[in-house]
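Single-structure report; data block below.
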Amino acid sequence: MTAHFRYTTSQLLAPLIFLAPSSRRDTDPLWGSMTRIRNIRLAVAGASAAVLLTVACRPVQEAGPRFGKGIEGVAKAKGVVPKPTVTLFPVAPPPFSEGAFPCSECHGLTDKVNRVPHKVDFHEEIVLQHDEKNRWCLDCHDAQHRDKLHLADGRLIDFTESYRLCGQCHGPTLRNWKAGEHGKRTGSWSGAKQYLLCASCHSPHSPHFKPLKPKAPPLRQEAIR
Amino acid sequence: MSAEPTAPLPVPQPQTEGYSRREALVMGLFALAAAATTAGCSAADKLALDDFVAKHFRDLTPDELKDRLAQLEKKYSEQYGKSVKVSATPPIPGVLFGYALDLSRCIGCRRCVYGCVDENNQSRDPQTHWITVLEMDKEGGVNLQNADAFYDHETVPAPGKFYMPVACQHCENPPCVKVCPVEATWKEPDGIVVIDYDWCIGCRSCISACPYGARHFNWGTPSIPKEELNPVTEYLGNRPRQRGVVEKCSWCLQLTRNGLYPKCVEVCPVGARKFGNLLDPESEIRYIIENKRVFILKEELNTQPKFFYYYGL
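Chains as they are written, first to last, in this note's numbering: chain R, 1 to 225; chain P, 1 to 313.
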């Protein structure tokens, strides 16, 4: 029991902090802070110092290949931690518009296709805002095999593998996504986790993330009774 | 000036039983108190007494801990009218948790704030939020002086603004732990800073010591609607708190010590939140620290947070 009543000078003096002038605390939303980053230059300096510190303080690790294991890939810890094999679960691709899939219900294998980019008078709900000056439907959708997509070299891929298509242009993003940095992961930090396809968050036709309505702001101090 | 005969001074009795008179008296008083407790008090009083005489978490023997957890489960189950589980999951050996948050991706939607409230049984009234989302001008950069936690837009992100959620940074060198006069808060081996709510005396020294505004005091009795209580709780984490104690983010140790992501990671719609084991070179968190421009908040204070902010884009 006595172990939990050891006082040090700093512990004894700590409550005196209440006596400190409170004006700074009042202007700081993280009230109680004693210092704050005053301007961006200091912030940048701080950030770079943090990076340097982080890098400098890190134990040296063998630089191993991190990529090329595929999304189902295994991440085995070589170091201290015995770690279960990391498995990523593919999730179903985001739902298509009502009645849109399978595309082959309307588009036949032998249909004559005008391959010159032009405005189609169907699928009006799709507004292309994705490098629309240079690209059009058949750059990603396959003209013959409508239930598939194709890569730039013509290889056909399923909609469940659409990340390969996106990664042709967005290489660094695909790299970060495979490493778990870009995009949402759910499940287990140490084991099986679900990942989302690019198209789960970014509509391929207008990829910018759509604004959301924020949840209610917190009550102000004076409103809490 | 009469010479009245004075009473003879009492002569100390020889100790025949091995107890001094004083010791016997004290023991007698304790016996009386114990009898009064068991005889005349209600079950609620008994529970209150159990709370009052509860030992420090780290002083509990395995058997005592088991009893204490059972006591609490009974208490909460009766209080909330459903089966509540209270565990004390130990840290996983070889794991040091770390967190990263992508400032270029966060849109300030506050899904994390309310996900956290639900998961961790924070008081609805009076309101307690473990996560504060700050809105700042992109032009001004990370300038906490001009941050606004009370923004209320139709949609977010608002033009020209960026968002910085702040909660407990789980410092390696935590000032809150240093100032606690009774050691009711400490850093666990997996890096999570925890609080023993039964040992906290409510002095709030830790609140003033924390540079991140991460600690919250229960000025009033916390209230959680019975149907909204999360029944999967941890002794050092999300079990219902009482009035007069401090609480804060525990990195959802009821989830993370069982291998799961914290709730805020699960609910973030933009995937800005990342969590993992800092000691695992293959983890997402290590990838971010090694490849992205990470920084820590108020690093000049040498608190050494394990919460890293970064710019992913």
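Glycine included, every Cβ here is placed at the ideal spot set by N, Cα and C.
Partners in chain R for P:His-153, counting only beta-carbon separations shorter than 7 angstroms: Counting from 1 along the second sequence, the entry for residue 153 of chain P is found at position 153. The contacting residues are Pro-214.
Per-residue contacts from R:Gly-167 into chain P (C-beta, under 7 angstroms): Taking the first sequence and counting its residues from 1, one reaches residue 167 of chain R at position 167. Taking a Cβ-Cβ threshold of 7 angstroms, none of the residues of chain P is close to R:Gly-167; the smallest such distance is about 16 angstroms.
Length-filtered (3 minimum) beta strand (DSSP E) runs lying within the stretch 116 to 153 of chain P: Segments of the beta strand (DSSP E) lying fully in the stretch 116 to 153 of chain P: 132 to 137.
Below-7 angstroms beta-carbon distance, P:Gln-127 vs any chain R residue: For the purposes of this step, residue 127 of chain P is identified with residue 127 of the second sequence, where counting begins at 1. With a threshold of 7 angstroms between beta carbons, P:Gln-127 makes contact with chain R.
Same chain, Cβ closer than 8 angstroms to P:Thr-233, five either side skipped, listed in chain order: Along the second sequence, one-based indexing puts residue 233 of chain P at 233. So the list reads Tyr-76, Val-84, Lys-85, Val-86, Ser-87, Asn-121, Arg-239, Pro-240, Gln-254, once near-sequence residues are dropped.
Alpha-carbon spacing of P:Trp-186 relative to P:Glu-172, whole angstroms: For this step, residue 186 of chain P is matched to residue 186 along the second sequence. For this step, residue 172 of chain P is matched to residue 172 along the second sequence. Their backbone Cα atoms lie some 11 angstroms apart in a straight line.
Within chain P, the residues that R:Ser-203 reaches when beta carbons sit closer than 8 angstroms: Walking along the first sequence from the start, residue 203 of chain R turns up at place 203. By Cβ distance, chain P contributes nothing, its closest Cβ being about 14 angstroms from R:Ser-203, past 8 angstroms.
Min CB distance P:Arg-110 to chain R below 7 angstroms: Along the second sequence, one-based indexing puts residue 110 of chain P at 110. So, interface residue.
Selection from P:Leu-279, P:Ala-44, P:Pro-157, P:Arg-68 that minimises the alpha carbon distance to P:Pro-189: Here residue 189 of chain P is taken as the residue at index 189 of the second sequence, counted from 1. The shortest C-alpha separation from P:Pro-189 is found at P:Leu-279.
Beta-carbon spacing of P:Pro-165, P:Lys-298 below 7 angstroms: Within the second sequence, numbered from 1, the residue matching residue 165 of chain P stands at position 165. Within the second sequence, numbered from 1, the residue matching residue 298 of chain P stands at position 298. Between P:Pro-165 and P:Lys-298, the CB-CB gap reaches or exceeds 7 angstroms.
Integer Cβ distance of P:Thr-155 from R:Leu-212, believed to fall under 8 angstroms: Locating residue 155 of chain P in the second sequence gives position 155, where the first residue counts as 1. Locating residue 212 of chain R in the first sequence gives position 212, where the first residue counts as 1. With a beta-carbon spacing of about 6 angstroms, P:Thr-155 and R:Leu-212 fall inside the 8 angstroms limit used to define contacts.
Amino acids of chain R, ordered along the chain, whose beta-carbon sits closer than 8 angstroms to that of P:Leu-260: Your numbering for residue 260 of chain P matches position 260 in the second sequence. Identification of chain R residues near P:Leu-260 by a Cβ-Cβ cut-off of 8 angstroms yields Gly-187, Ser-188, Trp-189, ordered along the chain.
Spatial distance of P:Met-136 from R:Pro-117 (CA atoms): Here residue 136 of chain P is taken as the residue at index 136 of the second sequence, counted from 1. Here residue 117 of chain R is taken as the residue at index 117 of the first sequence, counted from 1. Per the coordinates, the alpha-carbon of P:Met-136 lies some 43 angstroms from the alpha-carbon of R:Pro-117.
Under 8 angstroms by beta carbon: chain P residues contacting R:Glu-222: In the first sequence, residue 222 of chain R corresponds to position 222, counting from 1. Ordered by position in chain P, no residue passes the 8 angstroms Cβ test against R:Glu-222, which lies about 12 angstroms from the chain.
Beta-carbon neighbours of R:Leu-174, restricted to chain P and to distances below 8 angstroms: Residue 174 of chain R sits at position 174 when you count from the first residue of the first sequence. Near R:Leu-174 there are no residues of chain P at all, since even the closest Cβ is about 14 angstroms away, more than 8 angstroms.
Per-residue DSSP class, three states only, for P:Gln-254: Walking along the second sequence from the start, residue 254 of chain P turns up at place 254. Residue state for P:Gln-254 is assigned as helix, using DSSP reduced to three classes.
Backbone secondary structure at R:Val-74 - three-state DSSP: By 1-based counting over the first sequence, the position of residue 74 of chain R is 74. Note that R:Val-74 scores 34 on pLDDT, short of 50, meaning its location in the model is unreliable; the coordinates nonetheless yield the value given after this. Three-state DSSP puts R:Val-74 in coil, outside helix and strand.
Chain R contact for P:Gly-191 (CB, 7 angstroms cutoff): Counted from its first residue, the second sequence places residue 191 of chain P at position 191. Using beta-carbon distances, P:Gly-191 does not count as an interface residue toward chain R, since no partner is under 7 angstroms.
Contact residues within the stretch 243 to 277 of chain P, judged by C-beta distance below 8 angstroms to chain R: Those residues of the stretch 243 to 277 of chain P that come within reach of chain R (Cβ to Cβ, closer than 8 angstroms) are Thr-256, Gly-259, Leu-260, Tyr-261, Val-265, Glu-266, Cys-268, Pro-269, Val-270, Gly-271, Lys-274, Phe-275, Gly-276, Asn-277.
Chain-ordered chain P contacts of R:Pro-218 [CB-CB under 8 angstroms]: The residue you call residue 218 of chain R lines up with position 218 of the first sequence. The contacting residues are Val-113, Gln-127, His-129, Thr-132, Ala-149, Phe-150.
Same chain, Cβ closer than 6 angstroms to R:Ser-200, neighbours up to 5 away in sequence not counted: Indexing the first sequence from 1 puts residue 200 of chain R at position 200. The answer, listed in chain order, is Pro-94.
Min CB distance P:Glu-64 to chain R below 7 angstroms: Locating residue 64 of chain P in the second sequence gives position 64, counting from the first residue. No - not a single Cβ of chain R is within 7 angstroms of the one on P:Glu-64.
Opening and closing residue of the beta strand (DSSP E) in which P:Leu-101 lies: Within the second sequence, residue 101 of chain P is the residue found at index 101, counting from 1. Counting along the chain, the beta strand (DSSP E) containing P:Leu-101 begins and ends at 97 to 102.
Cutoff 7 angstroms: P:Val-156 Cβ touching any chain R Cβ: Sequence index remark: in the second sequence, residue 156 of chain P carries index 156 (1-based). Yes, P:Val-156 lies at the interface with chain R (some Cβ there is under 7 angstroms from its Cβ).
Cβ pair count under 8 angstroms reaching 3, the stretch 137 to 156 of chain R against the stretch 100 to 120 of chain R: The answer is yes - the stretch 100 to 120 of chain R touches the stretch 137 to 156 of chain R, with three or more Cβ pairs under 8 angstroms.
Local Cβ density within 10 Å of P:Asp-198, reported as buried at 16 or more and exposed below that: Reading the second sequence from its first residue, position 198 is the one you call residue 198 of chain P. By the 10 Å Cβ count, P:Asp-198 comes out buried.
Those residues which DSSP pairs with P:Thr-89 across a bridge: Locating residue 89 of chain P in the second sequence gives position 89, where the first residue counts as 1. Its beta-bridge partners do not exist; DSSP assigns none.
Nearest residue (CA-CA) to P:Lys-74, options P:Ser-250, P:Leu-47, P:Leu-65, P:Asn-230: Residue mapping note: residue 74 of chain P aligns to position 74 of the second sequence, counting from 1. Of the listed residues, the one whose Cα sits closest to P:Lys-74 is P:Leu-47.
Same chain only: Cβ atoms within 7 angstroms of P:Asn-302, ignoring 5 sequence neighbours per side: Stepping through the second sequence from its first residue, residue 302 of chain P is reached at position 302. Taking C-beta separations shorter than 7 angstroms and ignoring five residues to either side along the sequence, the partners of P:Asn-302 in its chain run Asn-173, following chain order.
Closer than 7 angstroms to chain R by CB, P:Glu-78: Here the question's residue 78 of chain P lines up with position 78 in the second sequence. Under the 7 angstroms criterion on CB atoms, P:Glu-78 is classed as non-interfacial with respect to chain R.
CB contact flag (P:Tyr-311, P:Leu-103, <7 angstroms): One-based indexing of the second sequence puts residue 311 of chain P at position 311. One-based indexing of the second sequence puts residue 103 of chain P at position 103. Against a cut-off of 7 angstroms, the Cβ pair of P:Leu-103 and P:Tyr-311 comes out as a contact.
Proximity of P:His-170 and P:Lys-306 at Cβ, strictly below 7 angstroms: On the second sequence, position 170 is the one that residue 170 of chain P refers to. On the second sequence, position 306 is the one that residue 306 of chain P refers to. In this structure, P:Lys-306 lies closer than 7 angstroms to P:His-170 by Cβ.
Member of R:His-150, R:Gly-154, R:Cys-169 whose CA lies at the smallest distance from the CA of R:Thr-260: Residue 260 of chain R cannot be examined here, being either before or after the span of chain R that is shown, 1 to 225.
Distance CB(P:Val-267)-CB(P:Gly-115) smaller than 7 angstroms: For the purposes of this step, residue 267 of chain P is taken as the residue at position 267 of the second sequence. For the purposes of this step, residue 115 of chain P is taken as the residue at position 115 of the second sequence. It is a contact, given that the beta carbons lie within the stated cut-off.
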